[in-house]
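The sequence shown begins at 177 in this note's numbering and counts up by one.
All C-beta atoms in this analysis are idealised placements derived from N, C-alpha and C, irrespective of residue type, glycine included.
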Amino acid sequence: MAADADRPDDRGQHRRGPRAAVGAVRGGVGRGRDRPLPGRAVDRTVARHDGRDPPADRGRASLSRPRVVPVIVDRTDEELRYALPCKWGLVDDDVLPAWVAESDYAWAPPIAAALADAVARGLTGYPPFDEGGELGAAYAGFAARQFGHKIDPLDVIPTADVTAGVRLALDLLSDHGPVVMPIPGYPPQLSIAQITGRQRVDLVVDPDAERAEIDLDHLDRLFADGARTLLLTQPHNPWGRVFTRAELEGIRDVVVRHGARVVSDEIHAPLVLAGSPQHVPYLSLEGTADHAVAIVAGSKAFNTQGLKCAQIIAPDPATRDLLLAVPMARNDSWSPLGVVAAIAAYTECDDWLDALRARLSDQRDLLAELLAEHLPDARMRPLEATYLAWIDLRAYGHDDPSAVALEHGRVRVNPGHDFHEGLPGHVRLNIATNAERLTEIVRRMAKALA
Ligand SMILES: Cc1ncc(COP(=O)(O)O)c(C=O)c1O
177 MAADADRPDD RGQHRRGPRA AVGAVRGGVG RGRDRPLPGR AVDRTVARHD
227 GRDPPADRGR ASLSRPRVVP VIVDRTDEEL RYALPCKWGL VDDDVLPAWV
277 AESDYAWAPP IAAALADAVA RGLTGYPPFD EGGELGAAYA GFAARQFGHK
327 IDPLDVIPTA DVTAGVRLAL DLLSDHGPVV MPIPGYPPQL SIAQITGRQR
377 VDLVVDPDAE RAEIDLDHLD RLFADGARTL LLTQPHNPWG RVFTRAELEG
427 IRDVVVRHGA RVVSDEIHAP LVLAGSPQHV PYLSLEGTAD HAVAIVAGSK
477 AFNTQGLKCA QIIAPDPATR DLLLAVPMAR NDSWSPLGVV AAIAAYTECD
527 DWLDALRARL SDQRDLLAEL LAEHLPDARM RPLEATYLAW IDLRAYGHDD
577 PSAVALEHGR VRVNPGHDFH EGLPGHVRLN IATNAERLTE IVRRMAKALA
């Protein structure tokens, strides 16, 4: 089906008049004009692991406006069994979960305050269906501050989640040729080409390669053989890589040579860890706007996955018009609470995000130490971004180490098979928890696998 074939004849069904002015608030979904500014009071923003105020801050607080020290707060096991019903709820009580990509941390205080306020004021109506608005302005500000990427707020189109956005982009924008999928890849996306009626063609990274990279010659051959779209994930899950500008320019040049498209899943962009290169949005490269869209969300970094609000960034006017014209049945609707959380995350949580990245960087370093001590034959490439470590445990001789870890160690990690069909001996381990749990996870895995 050509992209145009099922454009709705009720074009504009979801649009209200001309494009909104930059930053305009539509429908009151974001922070309402009469809503108190969230996240400024000491008791909401300052917290320590032990719940006590930091002594150094107490004196200063009375002299002037208190310096807000964001701290990443760990939820207890009991809290997590309620808060994360998939990651924690689907395992037995004696199992330590390190699988689903959710963190064990409490929300940033501005997000908690914004959500509490929205619920108190009854925000459960449909969100507005248009581009830009307060959400667009919030994301544009975030992208400028975090990635140095200037985008027009009106290029920001909401969608239910990143998976839905990727599916919609493929379905609506891509030719019907095959979709190139770098492997190992995020499991739900392994079937996404097929769901949109396209064939998946794999660009597999050799598990023994020193560095996980997209082989440009291979990509060139796949396009020459008829592929029409690259599904790029960057930073990459589960490779843990941040692609450099040079790598991305190389990808762009191959794509342009073949007149192909890129769907760039950048959900992990806020999660670049210490010592890694900066995230370069694919759309920030020259010559990409007419063949690419990016799908972004604050949900991974800010732990709001269940609230359902991602964004498609579409700077090309024709592409944007196609996306805005889709009938509601095709772009699953997002949640107004997701919009509230995203706006708070994008506008009020930069300091918290710094603290999160510092915590995750510590966890990554701790994991390296733990592996060296307890599983010395494990191999792990440097984890540059995400909180998801891809670990090669082939040396321990188990086809599926995750099954052994669950049965004998009472630890749940993701099987490598789910990311790379037929690949033995790999697991993906989620480090977004506290040091004590991570230590226990690795200790138990080592005991089970040895
Ligand atoms: C690369 C990637 N894309 C998409 C998702 C899922 O995002 P969403 O829940 O917004 O569909 C994940 C979740 O881990 C992911 O790692």
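Assigned secondary structure, residue i (DSSP; H/G/I helix, E/B strand, else coil)
| i | result |
| --- | --- |
| GLN322 | helix |
| GLN487 | strand |
| TYR281 | strand |
| MET556 | coil |
| ILE333 | strand |
| ALA345 | helix |
| ALA517 | helix |
| ASP384 | coil |
| ASP351 | coil |
| VAL249 | coil |
| HIS596 | coil |
| PRO591 | strand |
| ARG374 | coil |
| VAL641 | Only positions 177 to 626 of the chain appear in this structure, which leaves residue 641 out of reach. |
| PRO453 | coil |
| VAL267 | coil |
| ALA274 | coil |
Delimiting residues of the alpha helix (DSSP H) encompassing residue i
| i | result |
| --- | --- |
| SER578 | 577–585 |
| ILE368 | 368–371 |
| ARG437 | Unbroken run through ARG437 is the beta strand (DSSP E), 437–441; no alpha helix (DSSP H). |
| ALA477 | 475–478 |
| LEU406 | Not the alpha helix (DSSP H): LEU406 falls in the beta strand (DSSP E), residues 405–409. |
| LEU614 | 611–625 |
| ASP530 | 526–550 |
Delimiting residues of the beta strand (DSSP E) encompassing residue i
| i | result |
| --- | --- |
| ASP429 | Note, ASP429: premise wrong, no beta strand (DSSP E); alpha helix (DSSP H) at 421–433. |
| ALA501 | Premise fails: ALA501 is in no beta strand (DSSP E) and is neither H nor E. |
| ASP391 | Unbroken run through ASP391: none, as it is neither H nor E. |
| TRP566 | 564–568 |
| ILE471 | 468–472 |
| LEU605 | 602–606 |
Sequence-distant residues of the same chain with beta carbon closer than 7 angstroms to residue i, five excluded per side
| i | result |
| --- | --- |
| VAL338 | ASP441, ILE443, ILE471, ALA473 and ALA486 |
| LYS476 | ALA277, ILE443, HIS444 and LEU447 |
| ILE488 | ILE333, THR335, GLY341, ALA345, VAL469, ILE471 and LEU499 |
| GLN481 | GLU278 and SER475 |
| ARG570 | PRO600 and GLY601 |
| PRO364 | THR339 |
Per-residue burial, residue i [other beta carbons within 10 Å of its own, 16 or more giving buried]
| i | result |
| --- | --- |
| TYR458 | buried |
| MET621 | buried |
| GLY435 | exposed |
| ALA608 | buried |
| LYS484 | buried |
| THR420 | exposed |
| ASP280 | buried |
| LEU582 | buried |
| PRO558 | exposed |
| ILE567 | buried |
| SER129 | Because the chain here runs from 177 to 626, residue 129 falls outside it and cannot be looked at. |
| ASP530 | exposed |
| ALA548 | exposed |
| GLU255 | exposed |
| SER511 | buried |
Beta-carbon proximity list for residue i, same chain, < 8 angstroms, skipping 5 on both sides
| i | result |
| --- | --- |
| VAL295 | LEU513 |
| TYR362 | THR409, ASN413, PRO414, ASP441 and PHE595 |
| ASP210 | At ASP210, the pLDDT of 31 sits below 50, so the modelled position is not reliable and the matter cannot be decided from this model. |
| ALA490 | ASP331, ILE333, VAL469, ARG496 and LEU499 |
Sub-7 angstroms separation of residue i and residue j beta-carbons
| i | j | result |
| --- | --- | --- |
| LEU605 | VAL589 | yes |
| LEU392 | PRO358 | no |
| PRO354 | GLN375 | yes |
| ALA520 | ILE287 | yes |
| ALA313 | PRO329 | yes |
| GLY592 | ALA624 | no |
| ARG404 | GLU560 | no |
| LEU542 | ALA611 | yes |
| PRO246 | ASP527 | yes |
| ALA517 | LEU260 | no |
| VAL430 | LEU395 | yes |
| ALA388 | VAL377 | no |
| ASP401 | THR372 | no |
Sequence-distant residues of its chain with Cβ nearer than 6 angstroms to residue i (five each side left out)
| i | result |
| --- | --- |
| SER460 | HIS325 |
| SER537 | LEU449 and ALA450 |
| VAL515 | VAL205, PRO303, LEU311 and CYS485 |
Within-7 angstroms CB hit, residue i to chain C
| i | result |
| --- | --- |
| GLY317 | In the structure shown, chain C does not exist; there is a single protein chain. |
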